[in-house]
Every structure is written in structure tokens, then in C-alpha cells.
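Down below is the structure, laid out as C-alpha cells.
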Amino acid sequence: MGRGKPLTDIEKGQILAYSVGNLSANAIAKRVGRSWNLVNNLLSNPAAYDSKKSTGKPKMLGVAVECRLLREASKTGKSARTLKD
Numbered sequence: 001m002g003r004g005k006p007l008t009d010i011e012k013g014q015i016l017a018y019s020v021g022n023l024s025a026n027a028i029a030k031r032v033g034r035s036w037n038l039v040n041n042l043l044s045n046p047a048a049y050d051s052k053k054s055t056g057k058p059k060m061l062g063v064a065v066e067c068r069l070l071r072e073a074s075k076t077g078k079s080a081r082t083l084k085d
């Protein structure tokens with residue numbers, strides 16, 4: 001199942017306002033029309049909501065080094081193993 005649309009600023013404000021009014025996450029979800037899980041995630045850490053997560057392994061080489069290696073390989077025809085040494 002795919003992700004739903006992200007919360008708008010208005011919806012975030014509504015959820016936070018309802019939480020101040022001591023409504024449960026389930027009741028807030030029904031009023032706003034969003035899932036209980038989304039409401040619960042926002043209420044548990046509002047600052048972290050909608051922040052991009054870093055995924056995957058970071059690259060070992062920088063952009064400049066990668067360009068230099070590609071240039072050297074195309075000029076000399078050397079393999080990656082010989083360029084490594």
C-alpha cells in the first residue's frame with residue numbers, strides 16, 4: 001500500500017489544537033479524516049514529522065574525485081582496479 005498525501009499546515013494545526021483539548025488520537029483522526037497512525041506519529045514528535053529520512057549507504061567518493069577517475073579511465077583505458085593502485 002502506498003503512502004498517503006502529506007499533511008497540510010492546516011491539518012497539522014487542527015491536530016495539534018485537538019490534542020491540546022485532550023482528545024485521543026483516534027478521535028482526532030476521525031475528525032480530521034486521517035489515519036490514527038499518522039496522527040499518533042505527529043503527536044509523538046511534531047518537529048520530526050515530514051523531515052526527509054536519509055536512505056541508502058553514503059557514497060565513498062566525492063563528486064570531484066569521481067569525475068577525475070572517470071576522466072583518467074577514459075584517457076588511458078585503464079580498469080578500475082589499476083586506477084585504484
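Numbering (the UniProt record's numbering), first residue to last: 1 to 85.
All residues carry an ideal CB built from backbone N, CA and C; glycine is no exception.
None of these values were measured; they are calculated from a predicted model.
Nearest in C-alpha terms to Asn40, of all of Ala25, Gln14, Ser19 and Gly13, is Ala25. Residue environment: Ala29 is assigned as buried (16 or more neighbouring CB atoms within 10 Å of its CB, all protein chains considered). Of Leu42, Leu43 and Tyr18, the smallest CA-CA separation from Arg31 is found for Tyr18. The C-beta separation of Leu42 from Lys12 comes to about 7 Å, placing the pair in contact by the 8 Å criterion.
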